[in-house]
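Here the structure comes first, spelled out in structure tokens, and everything after it is commentary.
Protein chains in written order, with this note's numbering: chain A, 1098 to 1434; chain B, 1098 to 1434.
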């Protein structure tokens, strides 16, 4: 039985394993510093489809199919799939996965979705509800830009704190009895809103959520930052990462050595004109599934905290004068045998 | 430990109890046949707020607050809250619940969200990850109409098969060790798409999903329709309900006696001009929380299947020529001691 050690903080009993993972990204992401780590790079932003939304669905389906293949199983051996994305009504997920005939639970955690899905997969497999689960999410620069900001053809100027929504998808297969990096525990995030209302400064809006979740997990478990090779956030970008370090420092927690941010890693800010870095559900998902999980599997590193962050606003909420509520979910992953 | 009895079908071990529930609805829902069963009726569609979106958030917060009050607990005693809604990026939930400081897991299941949240709550409490969980969802006629169909002031003509999005919210508190109706098991839905592309005929799009889920649960458990007082669907409406009965009849399953549909029950089609009935996440949530759960609690009925249904399309997907994928999640609830 899972052990609740604080509100929203739990340790798994059986330590379910991430038996495989896959990451499929777009051309720009492929040209970034992590390019060689991804399973597939798709240069065509339409992925052979008529619309970007259909392309995003295809990214998600490809990531899941690839993860299943790498696990050496068939889709019939999966009990449940957890998925969500940024497009209104999460159609990237619904249309991408509809033909799989795998029991489906839709999530909405914005860019925190990969951590939310892993957390769910851990609990469902650990509890015996499922033997094998998949966590997947995606984002696409062009579906996100036109939905959250401006039509692409408008050519809007990007502010210095803005981030670049990644095109890509990451998927992981979790098995109750499998081999691979294991999910030891997790922390369910609380909605945090510090009054930021600049939708071009998501890093600042989301840093307090990441700080709250990381602080709560470390405090409940008694773990120290030095217990981890990396403490990974999803998509705070360069500005948000600095804020996170500062916020935790103020509480006496120094993660400066261990901290890495998927958004700050995926692009080269000097040559790729991405300002504060990458963002979007697909950013932390592809960096985790393509870069960090394989390192854990190979034994290059021993343990990570993965805390993806999501901004829960909508364009309409911002037009109505609202600030940006954020959330960060976390999973504690240890290298497997 | 929960027992997986088929892909996506499980039985709980500890049988977590629904210790309280609350339903808050709008004026039109309050004037319907179930009006006297709801905890609160709010005639002002703005609920004292400046926008309908903010009003929907307030409905959700009020439903949760009322359910917590009725359970005789404080919000500090809750470990996790599961929520989602129909508004883009689920802002009804994020803004409604942001001040509660309860660990939050966002869901997107369209109108199946109440069943998805109950299923999640059952698994999280049963597994020991949480002691107490809340499942909540909402919808609002005016936020949904302008987002999914037309601006209200346009005065679009409604087709005979269309349904009326309910204004309201339902919330339930689930306790691992509490007293009340217990969640025995559940079934995670599969995405089903039979090629329906008429967004004014959601009932037809969703009936196959409900049929698939109900059939799979009954088949895996060996239960018969007559084991239940009611087999309840959420929001198939009048047309969709007929289709569901027919689809299951074709497979030798007769639920005609036990079947009730929340969408078909909440309005009086003769006097309320609602065509095929109600819809929206708040419809099945408020009917379950205001009408069926209290009956189970009082002992008037002994056991129900609750299968809420959701249509996973978006206006953009339909504009891009897509059909409507649907899903239905199910929970099996037995009267408590």
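Note that beta-carbon positions come from the ideal geometry of N, C-alpha and C, so glycine has one too.
Being a predicted model, the structure only gives us computed values, none of them experimental.
Backbone secondary structure at residue i - three-state DSSP
i, result
"residue 1265 (chain A)", "strand"
"residue 1117 (chain B)", "strand"
"residue 1227 (chain A)", "coil"
"residue 1339 (chain B)", "helix"
"residue 1197 (chain A)", "helix"
"residue 1368 (chain B)", "helix"
"residue 1304 (chain B)", "helix"
"residue 1190 (chain A)", "helix"
"residue 1344 (chain B)", "helix"
"residue 1363 (chain B)", "helix"
"residue 1107 (chain A)", "strand"
"residue 1387 (chain B)", "helix"
"residue 1409 (chain A)", "coil"
"residue 1165 (chain A)", "helix"
"residue 1324 (chain A)", "helix"
"residue 1296 (chain A)", "coil"
"residue 1158 (chain A)", "helix"
"residue 1102 (chain B)", "strand"
"residue 1214 (chain B)", "helix"
"residue 1132 (chain A)", "helix"
Beta carbon proximity, residue i to chain B, threshold 9 Å
i, result
"residue 1224 (chain A)", "yes"
"residue 1411 (chain A)", "yes"
"residue 1195 (chain A)", "yes"
"residue 1177 (chain A)", "yes"
"residue 1405 (chain A)", "no"
"residue 1113 (chain A)", "no"
"residue 1328 (chain A)", "no"
"residue 1426 (chain A)", "yes"
"residue 1355 (chain A)", "no"
"residue 1422 (chain A)", "yes"
"residue 1158 (chain A)", "no"
Residues sharing a beta bridge with residue i, DSSP
i, result
"residue 1241 (chain B)", "Bridge partners of residue 1241 (chain B): none, in fact."
"residue 1427 (chain A)", "A:1284 and A:1404"
"residue 1330 (chain A)", "A:1358 and A:1404"
"residue 1289 (chain B)", "B:1423"
"residue 1234 (chain B)", "B:1181 and B:1267"
"residue 1123 (chain B)", "B:1139"
"residue 1376 (chain B)", "B:1262"
"residue 1393 (chain B)", "Beta-bridge pairing links residue 1393 (chain B) to no other residue."
"residue 1315 (chain B)", "For residue 1315 (chain B), which the question treats as bridged, DSSP gives no partner whatsoever."
"residue 1203 (chain B)", "B:1180"
"residue 1272 (chain B)", "B:1114 and B:1229"
Residue-chain proximity (residue i, chain A), Cβ-Cβ < 9 Å
i, result
"residue 1287 (chain B)", "yes"
"residue 1188 (chain B)", "yes"
"residue 1101 (chain B)", "yes"
"residue 1211 (chain B)", "no"
"residue 1337 (chain B)", "no"
"residue 1352 (chain B)", "no"
"residue 1198 (chain B)", "yes"
"residue 1378 (chain B)", "no"
"residue 1290 (chain B)", "yes"
"residue 1184 (chain B)", "yes"
"residue 1104 (chain B)", "yes"
"residue 1417 (chain B)", "yes"
"residue 1251 (chain B)", "no"
Under 9 Å between C-beta atoms of residue i and residue j
i, j, result
"residue 1375 (chain A)", "residue 1263 (chain A)", "yes"
"residue 1302 (chain A)", "residue 1291 (chain A)", "yes"
"residue 1401 (chain A)", "residue 1361 (chain A)", "no"
"residue 1280 (chain A)", "residue 1203 (chain B)", "no"
"residue 1256 (chain A)", "residue 1372 (chain A)", "yes"
"residue 1152 (chain A)", "residue 1121 (chain A)", "no"
"residue 1157 (chain A)", "residue 1266 (chain A)", "yes"
"residue 1404 (chain A)", "residue 1318 (chain A)", "no"
"residue 1332 (chain A)", "residue 1282 (chain A)", "no"
"residue 1241 (chain B)", "residue 1183 (chain B)", "yes"
"residue 1269 (chain B)", "residue 1323 (chain B)", "no"
"residue 1123 (chain A)", "residue 1142 (chain A)", "yes"
Residue i CB to nearest heavy atom of the ligand MN below 8 Å
i, result
"residue 1426 (chain A)", "In terms of ligand content, the structure shown is empty, and the ligand MN therefore cannot be addressed."
Does the count of Cβ pairs from the stretch 1184-1201 of chain B and the stretch 1166-1180 of chain A closer than 8 Å reach three?
no
The stretch 1420-1428 of chain A / the stretch 1335-1350 of chain B touching (three or more Cβ pairs under 8 Å)
The way I'd put it, the stretch 1420-1428 of chain A doesn't touch the stretch 1335-1350 of chain B; fewer than three beta-carbon pairs between them come closer than 8 Å.
Residues in the stretch 1292-1309 of chain A having any Cβ partner in chain C nearer than 9 Å:
Included in the structure are the protein chains A and B, with no chain C among them.
Any chance the stretch 1233-1248 of chain A sits against the stretch 1363-1370 of chain A, with 3 or more Cβ pairs inside 8 Å?
no
Quick test of the definition: if touching needs 3 or more C-beta pairs under 8 Å, does the stretch 1205-1224 of chain B touch the stretch 1103-1112 of chain B?
yes
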